[in-house]
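There are 4 protein chains.
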Amino acid sequence: MEPAKKSAGDPTGFAADDLAARLRSVRERTCALCAPLAIEDHVVQPSPEVSPPKWHLAHTTWFFEKFVLEPRPRGYRPFDERYHPLFNSYYKSVGPHWLQAERGALSRPTVSEVHGYRRHVDEALEDGLRRGLDEALRFPLELGIHHEQQHQELLLMDIKYILGANPLQPEYGFVEFEAAPGAAQWRDFEAGIHSIGAPPGGFAFDNERPRHRVWLDGFALRPRPVTNGEFREFVEDGGYADPRLWLSAGWDWVGRQRIEAPLYWRRSDGEWTLFTLGGVRPLDPDWPVCHVSYFEADAFARWKGVRLPTEAELEVFLEAEPADQPVWCWTRSAYAPYPRFAPFPGAFAEYNGKFMCSQMVLRGGCLATPAGHGRPTYRNFFEPHQRWMFSGMRLARD
Amino acid sequence: MEPAKKSAGDPTGFAADDLAARLRSVRERTCALCAPLAIEDHVVQPSPEVSPPKWHLAHTTWFFEKFVLEPRPRGYRPFDERYHPLFNSYYKSVGPHWLQAERGALSRPTVSEVHGYRRHVDEALEDGLRRGLDEALRFPLELGIHHEQQHQELLLMDIKYILGANPLQPEYGFVEFEAAPGAAQWRDFEAGIHSIGAPPGGFAFDNERPRHRVWLDGFALRPRPVTNGEFREFVEDGGYADPRLWLSAGWDWVGRQRIEAPLYWRRSDGEWTLFTLGGVRPLDPDWPVCHVSYFEADAFARWKGVRLPTEAELEVFLEAEPADQPVWCWTRSAYAPYPRFAPFPGAFAEYNGKFMCSQMVLRGGCLATPAGHGRPTYRNFFEPHQRWMFSGMRLARD
Amino acid sequence: MEPAKKSAGDPTGFAADDLAARLRSVRERTCALCAPLAIEDHVVQPSPEVSPPKWHLAHTTWFFEKFVLEPRPRGYRPFDERYHPLFNSYYKSVGPHWLQAERGALSRPTVSEVHGYRRHVDEALEDGLRRGLDEALRFPLELGIHHEQQHQELLLMDIKYILGANPLQPEYGFVEFEAAPGAAQWRDFEAGIHSIGAPPGGFAFDNERPRHRVWLDGFALRPRPVTNGEFREFVEDGGYADPRLWLSAGWDWVGRQRIEAPLYWRRSDGEWTLFTLGGVRPLDPDWPVCHVSYFEADAFARWKGVRLPTEAELEVFLEAEPADQPVWCWTRSAYAPYPRFAPFPGAFAEYNGKFMCSQMVLRGGCLATPAGHGRPTYRNFFEPHQRWMFSGMRLARD
Amino acid sequence: MEPAKKSAGDPTGFAADDLAARLRSVRERTCALCAPLAIEDHVVQPSPEVSPPKWHLAHTTWFFEKFVLEPRPRGYRPFDERYHPLFNSYYKSVGPHWLQAERGALSRPTVSEVHGYRRHVDEALEDGLRRGLDEALRFPLELGIHHEQQHQELLLMDIKYILGANPLQPEYGFVEFEAAPGAAQWRDFEAGIHSIGAPPGGFAFDNERPRHRVWLDGFALRPRPVTNGEFREFVEDGGYADPRLWLSAGWDWVGRQRIEAPLYWRRSDGEWTLFTLGGVRPLDPDWPVCHVSYFEADAFARWKGVRLPTEAELEVFLEAEPADQPVWCWTRSAYAPYPRFAPFPGAFAEYNGKFMCSQMVLRGGCLATPAGHGRPTYRNFFEPHQRWMFSGMRLARD
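Residue numbers (the numbering used here), protein chains in the order written: chain A, 1 to 398; chain B, 399 to 796; chain C, 797 to 1194; chain D, 1195 to 1592.
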């Protein structure tokens, strides 16, 4: 099964504005992503930042129930009100929520009950859409679809972590990498005023707006992401042991966690292997390096004598060279509000804005991003030590 | 299903020395204890001290594989050698082991694979017994049976915790309590030299031996365990808020964990309820108080103006009044080696002796102890803050 | 004693390029800042981020010894080589260093020995300057002077924390606040390309360079910093209890640390008081609010319906309205390298660049900043939860 | 200066029941113990379990003020009521107290102010004794003297830790060790009923009473404590790397703390050295091993094929061979109440009884125990991982 690719090949895509069809398609794909899993794989949480797949199945459903079905005038009967605090992720304005780090402590509801919850909500949504959509619900519904697509990517990240942390190293079903695309020659961009951010019209997250002007000095950017082969040179040159290459917080992290290579790399008998969604493979030097933290990406760039791009630079590049993106690329930009940023209304203000602190922006998308979900203006963000997402890098220089 | 009681009523019991039959019976009962669980319930670890039921199923199997099957001359084929570090609990002398607090991070092997593991080992054991038992394996096999019975009790403790920590409060199947037995009048015991500990012959754990003399001053002991009703008075008299009643470490624990009642007690609308294996019930004042820590038992006794018995005193009482025990009773005795204590040989030395530090002894047995597994000389032990086991108390005075 | 003000009144200032005189003046002022302290005040570290004053006295001395005296060809005799790891703060490239959080564990060297160390190094520096300055040492010497000025401000922050954390609330000697200066009317700035950062020539830290262009949308900024009176309204309106006002990490911090007001505010009998360097005073509503974290500044601005300025906006304002600054003002800008940033050479590369992660920029200067040390281009930076520095805020809006 | 020895040579001793003279002598000796220290040495707390010497000077004074002076009818004026929560150690029943781990965060009151506090209280006590002692205060006064003697020993432990944790390794003034006394041949003791504990009459702590009968099986005990030379063999035989020798909690401690030798041992260039109160010395193989935890003492005994004595066995030995004791000897007995134990009355009930949990008993006394303060019935107690006290061991066998 190759979830991202299959959708990518779908010629109808998500472009046609048929809400009901898009909703059904996205909801079904989430289930399809979990289909290869054992029930046990749905339950565990081997790291506080990883959520059990069962939780994703339920949380995305709660999102529709809370924000689309519950506000409707005609009586919707919640599937089970006790689920609300369990599957509210972090929306303080709509009620209490279970502690994120304790999601793996819950054996109930079972996977089967969660699928029952999904069906109950899907039926109510479809019934509502058949009767005619209340215009006020168009935005929550639209947002719920994009929200669920985000969780499809999180699902693949979390599934990989759950399987990869297991000494039995079980396979999910397909190898997610291929040779890194793009030219190895640097491409120059001239200085000047650029506009970045999402223009009005069409869906975009609040954090992508408003489109606004920025001044960029001239820069060059290397289209091909950094590869495993390049990163292996850094590792073998002692990059992880030289404090001069690292941010101070990065060096502390390396020492405290005894980090010696990207996540999922393992060396045995002098050979490097990688854990992939298709099981353990020899390290392919042509694949893009993946599962590196910001600290590692930044140290690598310093070792190379270059730097990471800013998010504006990377957006300019992505607009200039649109293509499928194999890995999210770290930028040197902290996640911050754009000038004149206005958060989504109501409880949705908590969706993005409240995380604009101590996180770095990644751009582009990755193999696990659902087809049609990415955009050059899309802003992903993680803490600088995190690396269980599909994170790699492109290089820039002045 | 009422596992403890059913076995208790089994007239053939485990007394007959038919190893093969006892082995099969014990192995089957472990599976029967898990039968009411959902697959998801087998996997989670809501507290570091609680193990997933799947782990118990596999660990007890590993014990036989490692100590009975592996040493045999004729070629036994391990089910999967990668299981060994996963299901070795803490035996440093037979290889590395997975971290106890991370048992809930493992989705694989699945419950079904673990049952396959059990069948594989059971068949090899039964085949071996049919061919005639190597005399050197009699002790490991015997120990493995008692070991698995201990894990049957742990299973019920852990299952209760897993279900009780879940806001949906699912039921396991039966209410484990009934009115506390025994006289409410104090019974006097005279001063003198007593012998305690297991005599030679018959199975006993190494920590119960050798039988030895102790001097006991005269004391009195109240046969009926402390009840919920009595403990509720302590709670409502402000017992949890008066530092003079508590050991220093206990007072720190109460404050840090914000403890206000025994585990599984909840107050709503002024009424106390209990979570039981049969679901939430009103607090029955006649049931023995259960799921209290040593700190709570000690503070309660001080509030009453009496004290907890020593383990020697409680053993003398249990010999004098043999009966089914509803809850383990805390003693004021730290878990320590008896005079001339000799640990089990080889790797089994790690079974009991290495825990003789910072733990308190409990005596008697409980509703979850398999029929035939308890003895008056039996020494259970836990840390003074722990309370997820079926722990209560009897009172003593000088 | 009012250290900042006294220097501010010095008409010769630090502008004249008489290195020896500037060096002596700065070195003497550091000692003068510590003169009001008891020996005991020099030693303690009531929080990991606070350093004992004794450590500042020694570390600033080590900086000159390591970077100015040690590289000289003619034989300089170190005062005591065992001091080097104790007083190296974090320069990995020049040797090991003591753990920051353990600085308060060291009773030796004594305060008197540290003053001996200072005299030894001062004499060697003065002797060297008399013989004629090696041109290669001009930069380390200049940097050492600015470095020591930075520590003068840190000293006042740390002294305030040491005295303020003590239940006896001892006084240092002067009240550091007066009414917040500046107009209460918003001042408008037009959209356009601005240049920010330090121009070539003259001293500036590497992180202030190079001067570069930025595009700014039109904005307004309120010259007067937010006052205690304004912030008290936020407190009394329940600002600390409304999650919608807070960044996610800020809300967690408020809950975990039970934050209810700025640092050094205390309420007794319904009245607010402040701890100042001159002891406990009633809260003066006209003083600028001080000792707030980024989280608090950001929440306050959101409650007001406005926002914090970016660092570029604040620099533009500071260039337009030069004045003494009472409190550092938080900006919404994460601390990051400027375009074409080049770190200081050699070990000095560790001075600023390696902290460009997970910190926010503050601008302007404060009452504790030595006279002549501040500049509109000066970039101060702290983590978003920190607040023992003299941190306040100005408001901006689009 | 050799504090313990000087007092030991005092022919008037503490035996004569002249309360005023004893009080003055003990109070003066506490100051004498601190006389060699720098002011800075009085302030720091390099480990949560170590208290600053300044704190001991003040706490012992608070004890007299709170329990002897404050209850008097005639008006005693407290020196400074704000000191009470600062120098109350842990008596919940007389008011709040500062957190033990934060004692090193307090620079004030200064050492000089604390000496003023001591003089104030001493004068009030002496004045009261001159006027004639209220009989009700005899016990608090007597207890205060013994209490202060206990803190004299704690002072030497804490001073040693403060100086020993400092890389400059300053000296206090004398080497505290000499060759271990006592026969190297085992001495046999016959089985039977023994009486242990303090008889009525004379001062003893509540935990030493009542004297009571115990049955002891026959045992042998080696009079000479284990020496550095013997322990070095254990170290060099890999004792710290063999999990079979260790208690489970001990093995975790060794791994987590990377323990490889007793505290204050250091190996450089293949030679072992010791930090002593007289500075760093080569390891003398004839000195008693000191500064070992219970875990290390227990592992050593297991490696030797013998065991640690119980506290009853060691008391029987100490009664049979009275002598000065160089190091406290670990016993295998957990600290627990004796049969019919009655705590001291009132707030003094908190003195000893509330620590009877998770601690092990040490017996005998040590070089730092004030002359006349020890007794064979004296019960010292520490947690099994602690080792900054003067702790060694004697061996026993069945």
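Cβ coordinates follow ideal geometry from the N, Cα and C atoms, glycine included. Since the model is a prediction, treat every value here as computed from it, not as a measurement.
- Annotated three-state conformation of residue 272 of chain A is strand, per DSSP.
- Listed in chain order, the beta strand (DSSP E) runs fully inside the region 74-128 of chain A amount to none, counting runs of at least 3 residues.
- The continuous beta strand (DSSP E) containing residue 593 of chain B extends over residues 590-594.
- A distance below 6 Å between beta-carbons, with the five flanking residues on each side excluded, links residue 164 of chain A to the following residues of its chain, in chain order: 264 and 275.
- Excluding five sequence positions before and after residue 1214 of chain D, the CB atoms of its chain that fall closer than 6 Å to its own CB belong to 1323, given in chain order.
- A contact is defined here as three or more CB-CB pairs under 8 Å, and the region 1392-1405 of chain D fails this definition with respect to the region 1474-1485 of chain D.
- At a cut-off of 7 Å between beta-carbon atoms, residue 1275 of chain D makes no contact with chain C.
- Runs of the beta strand (DSSP E) spanning 3 or more residues and lying entirely within the region 746-785 of chain B occur at 758-761 and 778-780, in chain order.
- A straight line joining the alpha-carbon of residue 1272 of chain D with that of residue 1144 of chain C spans about 55 Å.
- Cβ-Cβ distances below 6 Å link residue 1176 of chain C to 1124 and 1158 in the same chain, with the five nearest sequence neighbours on each side left out; the list follows chain order.
- For the region 104-124 of chain A, the residues whose beta carbon sits under 8 Å from a beta carbon of chain B are, in order, 104, 105, 106, 107, 108, 109, 110 and 111.
- In the structure shown, residue 864 of chain C falls within a helical segment according to DSSP collapsed to helix, strand and coil.
- Contact residues of the region 1361-1389 of chain D toward chain C are 1361, 1362 and 1364 (C-beta to C-beta distance below 8 Å).
- Residue 40 of chain A counts as buried, since at least 16 other C-beta atoms from the protein chains shown sit within 10 angstroms of its C-beta.
- For residue 1588 of chain D, the secondary structure class from DSSP, reduced to helix, strand or coil, is coil.
- With respect to chain A, the C-beta atom of residue 441 of chain B has a partner C-beta closer than 7 Å.
- When 7 Å is used as the limit between beta carbons, residue 39 of chain A is near these residues of chain B: 437 and 438, in chain order.
- Using a C-beta cut-off of 8 Å, the region 87-99 of chain A makes no contact with the region 421-433 of chain B, since fewer than three inter-stretch Cβ pairs fall below that distance.
- Rounded to the nearest angstrom, the Cβ distance from residue 367 of chain A to residue 302 of chain A is 27 Å, too far for a contact under 8 Å.
- DSSP places residue 188 of chain A outside any alpha helix (DSSP H); the residue lies instead in the beta strand (DSSP E), whose first and last residues are 187-189.
- Among the CB atoms of chain D, one or more fall inside 7 Å of the CB of residue 842 of chain C.
- Cβ neighbours of residue 481 of chain B within its own chain (closer than 8 Å, five residues either side excluded): 456, 460, 507 and 515.
- Distance from the CA of residue 637 of chain B to the CA of residue 658 of chain B, rounded to the nearest whole angstrom, comes to 9 Å.
- Rounded to whole angstroms, the separation of the alpha carbons of residue 1242 of chain D and residue 55 of chain A is 41 Å.
- For the 7 Å CB-CB criterion, residue 773 of chain B and residue 608 of chain B do not form a contact.
- The continuous beta strand (DSSP E) containing residue 680 of chain B extends over residues 677-680.
- Counting the other CB atoms within 10 Å of its CB gives residue 1552 of chain D a total of 16 or more, which places it among the buried residues.
- Neighbourhood of residue 86 of chain A in chain B, by CB distance below 7 Å: 565, in chain order.
- DSSP places residue 689 of chain B outside both helix and strand once states are collapsed to three, so it counts as coil.
- In terms of CA proximity to residue 65 of chain A, A/87 leads the group A/102, A/309 and A/87.
- Within the region 591-625 of chain B, those residues whose Cβ lies closer than 7 Å to any Cβ of chain D are, in chain order, 591, 610, 611, 612, 613 and 615.
- At a beta-carbon threshold of 8 Å, the residues of chain D lying near residue 645 of chain B are 1548, 1549, 1550 and 1551, ordered along the chain.
- If you look at residue 649 of chain B, you'll find it in the alpha helix (DSSP H) that goes 646-655.
- Under the three-state reduction of DSSP, residue 706 of chain B is assigned to coil, being neither helix nor strand.
- For residue 822 of chain C, the enclosing alpha helix (DSSP H) has its first and last residue at 815-830.
- Nearest C-alpha to residue 724 of chain B among B/687, B/743, B/712 and B/714: B/687.
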